Structure formats: structure tokens, C-alpha cells
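The block underneath contains the structure these notes are about, expressed in C-alpha cells.
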Amino acid sequence: MSRLTPLQVHTLELLAGIDPPWTLTGGGALAGFHLGHRTTRDLDLFWHGLSELHHTAEEVVRRLAGAALEVGVVQTSPGFRRLRVSDGNEVVLVDLVADPVPVIEAPQPRAIGDVQILVDTPHELLVNKLTTLLSRSEVRDLVDVKALVESGGDLTRAIREAPLKDGGFSGPTVAWVLGQLPLVRLGADPDLIAFREALVARFLAAPEPPGR
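Here the sequence shown stands for residues 23 to 234, where the numbers follow the numbering used here.
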């Protein structure tokens, strides 16, 4: 069952069909199309294979503003723009990301309302979430990894493929970063704490990529 809010769904519908096409990834893909295990406050739209957004960011703003939504630019750079979108009752953050990193699995078309959008596969999301544990190490990312693995995700394959996404990915380094997460102090569920410990052990046991 989708956990996306009405404004999040409306936003995705408005932005369908932009050329070049974007892919929904991150929490929005998990909440809306795969697991529905949690809600999300933002939508991550990635343009795979691009290093800059070029005109696409302006097209996004034009479409949203043309639908009488309030759109504010929170952060911007050539390859990234964060928008605050509101309909007066609800707010959603929309991250537009030019992502030159190769994908492991091609995104798949999924229906939302009367349109179709591209959505990252569960395996692509699992690999991305493993690399995200290294780059920002937030509890929600660990929650997502746990949910993806428990739903049948191939953790061994994902660990092997993570260095293809992030050349700095290292099992021992991620294990150390995970160990610093203050899960007990944050009141995390005992199951999540146990999963963290098991994941740390897997990272420490994983062979280093060739050339390390």
C-alpha cells in the first residue's frame, strides 16, 4: 500500500513526461511503490547519466507553479536543486539530482494515477542505501536497509556492487560508521539494534574490492 501523501502523488503526476525523464528513488520509491514500511517527507528525483540539470530544473518549477502550487528554491547548484512545494495544507521537499553514477539495474515504469513514471528497483535502492550509510549514516537509512533485506533483498550481491556506485565504499569503514550510530540513546527498536550488529559483522567479513 502506498504511503505517499496526496501532494506527493500530485507532484509526481505533474512532473511525469519531462524530457529527459527522471527516476523516483529513495524514500519516495520505497513508500509509494515497494515496501510502504514508512512515510517520507521528500521526493528524490534523479536524472541518471547526467552531471548537470540544465533546463530541467526550470521545467519542474514551471509545471508546479502552473498548477497553482507554491514553489520555493531551498538550495541550488548545477547538479542539484531542492524545492519546497506547498498547496497551502501540506509541504513536500523535492530534490532534483543529476546523477552521473551508473545504475546497477535499470529503473522500471510504474503507474501513478493516469500516468507512468520511472522508479528504481528494490535492488538498486538497496545498493544506494548501503552507500548512503557511509555518506550520511542516518537511522532511516538503516531502517530501509533492514526492510529491504527482510523483504528478500540480496545483501551479499548489494555489498559486492556498492563499490561500483561509490569508489570509497569499504566494509570496515561502513562498519565503523554504523557502530557510531547512537541507537540505544535514540530509543531504537531492539530488532533494529540487532540488525545493526549483524550488518556490521557482514561488512567486516566482506572481501575488499580488487585493488584495495
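Every residue gets a Cβ at the ideal spot worked out from N, C-alpha and C, and that includes glycine. None of the values given here were measured: they were computed from a predicted structure.
Distance, residue 218 Cα to residue 175 Cα: 16 Å
Buried or exposed (CB count within 10 angstroms, at least 16 for buried), residue 87: exposed
Start-to-end residues for the alpha helix (DSSP H) that takes in residue 30: 28-37
Beta strand (DSSP E) segment containing residue 45, residue limits: 45-47
Unbroken stretches of the alpha helix (DSSP H), 4 residues or longer, contained in the segment 83-166: 144-157
Rounded straight-line distance, which links the Cα of residue 44 to that of residue 78: 10 Å
Simplified DSSP assignment, three categories, for residue 56: helix
Bounding residues of the beta strand (DSSP E) (the contiguous stretch that carries residue 67): 64-70
DSSP state of residue 25 mapped onto helix, strand, coil: coil
Span separating the alpha-carbon of residue 228 from that of residue 62: 31 Å
contact_flag[the segment 187-196, the segment 160-169] where n(CB pairs < 8 Å) is 3 or more: no
For residue 219, the first and last residue of its enclosing alpha helix (DSSP H): 212-227
Cβ shell of residue 154 (< 6 Å), same chain only, five flanking positions each side left out: 163
Helix, strand or coil at residue 61 according to DSSP, with G and I counted as helix: coil
Residue environment, residue 226, which counts as buried when at least 16 other CB atoms sit within 10 Å: exposed
Supposed close pair residue 165, residue 214 - CB separation, criterion 8 Å: 7 Å
Three-state secondary structure (DSSP) of residue 40: coil
Rounded separation between residue 177 and residue 141 - CA only: 20 Å
Nearest-angstrom beta carbon gap, residue 123 and residue 187 [assumed within contact, 8 Å]: 6 Å
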